[in-house]
Amino acid sequence: NAGVTQTPKFQVLKTGQSMTLQCAQDMNHNSMYWYRQDPGMGLRLIYYSASEGTTDKGEVPDGYNVSRLKKQNFLLGLESAAPSQTSVYFCASSLVSSYNEQFFGPGTRLTVL
Amino acid sequence: AQSVTQLDSHVSVSEGTPVLLRCNYSSSYSPSLFWYVQHPNKGLQLLLKYTSAATLVKGINGFEAEFKKSETSFHLTKPSAHMSDAAEYFCVVSGSGNTGKLIFGQGTTLQVKP
Numbered sequence: 321n322a323g324v325t326q327t328p329k330f331q332v333l334k335t336g337q338s339m340t341l342q343c344a345q346d347m348n349h350n351s352m353y354w355y356r357q358d359p360g361m362g363l364r365l366i367y368y369s370a371s372e373g374t375t376d377k378g379e380v381p382d383g384y385n386v387s388r389l390k391k392q393n394f395l396l397g398l399e400s401a402a403p404s405q406t407s408v409y410f411c412a413s414s415l416v417s418s419y420n421e422q423f424f425g426p427g428t429r430l431t432v433l
Numbered sequence: 002a003q004s005v006t007q008l009d010s011h012v013s014v015s016e017g018t019p020v021l022l023r024c025n026y027s028s029s030y031s032p033s034l035f036w037y038v039q040h041p042n043k044g045l046q047l048l049l050k051y052t053s054a055a056t057l058v059k060g061i062n063g064f065e066a067e068f069k070k071s072e073t074s075f076h077l078t079k080p081s082a083h084m085s086d087a088a089e090y091f092c093v094v095s096g097s098g099n100t101g102k103l104i105f106g107q108g109t110t111l112q113v114k115p
């Protein structure tokens, strides 16, 4: 039981490049989330998915896109990376209720030059 | 709208002394509240959660928190700090609706001095 896994762990991009961050969970959770963490700002929600095939914008969705084609996978895409997207990205999953805690992956450290 | 404020960005204690990390929340309904811990270069781990049962919640590693509705607070405490407690701590409130969304505080860095 691996929980929530993320790939890659580290990534360096040049401005304008694109990439996809991958997240997988093996807990059969309905909901999945993508956050970014910046110093002094806590975690901010980028996108979330309440169930397979559905996605919704969070607090900071601009410049990102997501895909939830399978229940266990949630992909975060950067179409044209910008230096402002340098951050640590966390994926999380949970059962659908707000009473249930979210389980977090180890994070992806992304630097955009 | 739901929000959470962590009153201290940094807290420094000596090993063996009590820990108090302060958190106030704002919510238009009875929220679920959580404390998460993040050790350096690691993901977030749940310490404890409040979901409208007992107001004093016990978590892992000797931490506990008390839900005080009248003060809209959910402070985290531990009687005796250990060096391994040095980390960043996040107070979190559930978002509106039943989406499972969470609202994070800005975090408190706990330093433990020998």
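Sequences listed follow chains A and B, in order.
So the number in my numbering is just where the residue sits in the first sequence, counting from 1, plus 320.
So the number in my numbering is just where the residue sits in the second sequence, counting from 1, plus 1.
For glycine and all other residues, C-beta sits at the position ideal for the given N, C-alpha and C.
**OP:** Determine, using beta carbons only, whether Gly362/A and Gly44/B come nearer to each other than 7 Å.
**Re:** The answer is no: Cβ separation not under 7 Å.
Subject >> Option in Asn393/A, Ser413/A and Phe410/A with minimal Cα separation from Ala344/A >> reply: Comparing Cα positions, the closest option is Asn393/A.
Subject >> Contact belief for Ala365/A with Tyr355/A at Cβ below 8 Å, rounded distance in angstroms >> reply: The sequence as given places Leu at residue 365/A; Ala does not occur at that position. Here Leu365/A really is in contact with Tyr355/A; their C-beta atoms are around 6 Å apart, less than 8 Å.
**OP:** Measure how close the beta-carbons of Val94/B and Tyr30/B come, nearest whole angstrom, since I'm counting them as under 8 Å.
**Re:** The beta-carbon separation of Val94/B and Tyr30/B, rounded to 11 Å, does not stay under the 8 Å limit for a contact.
**OP:** Closer than 7 Å, Cβ to Cβ, to anything on chain B: give me those residues from the segment 362–394 of chain A, in chain order.
**Re:** So the list reads Gly362, Leu363, Leu365, Tyr368 and Ala370, given in the order they occur along the chain.
Original post:
Which partner residues does Arg23/B have in the DSSP bridge list?
Top reply: None, per the DSSP bridge assignment.
Original post:
Does DSSP classify Met352/A as helix, strand or coil?
Top reply: Met352/A carries a strand assignment under DSSP once its states are collapsed to helix, strand and coil.
Subject >> Residue from Gly360/A, Met352/A and Thr327/A whose Cα sits closest to the Cα of Asp9/B >> reply: Closest option to Asp9/B, judged by alpha-carbon separation, among Gly360/A, Met352/A and Thr327/A: Gly360/A.
**OP:** Find the nearest neighbour of Thr431/A within the set Thr327/A, Asn321/A, Val324/A and Gln331/A, judged by alpha-carbon distance.
**Re:** Answer by Cα proximity: Gln331/A.
**OP:** Check each candidate in Ser4/B, Gln3/B and Val12/B and name the one with the smallest Cα separation from Leu77/B.
**Re:** For Leu77/B, the nearest C-alpha among the options comes from Val12/B.
**OP:** Quick one: using the 10 Å Cβ neighbour count with 16 as the cut-off for buried, is Ile104/B buried or exposed?
**Re:** Ile104/B is buried by the Cβ-count criterion.
Subject >> Other residues of its chain near Ser414/A: CB distance less than 6 Å, five sequence neighbours each side excluded >> reply: Only His349, Ser351, Asn420 and Gln422 meet the Cβ criterion.
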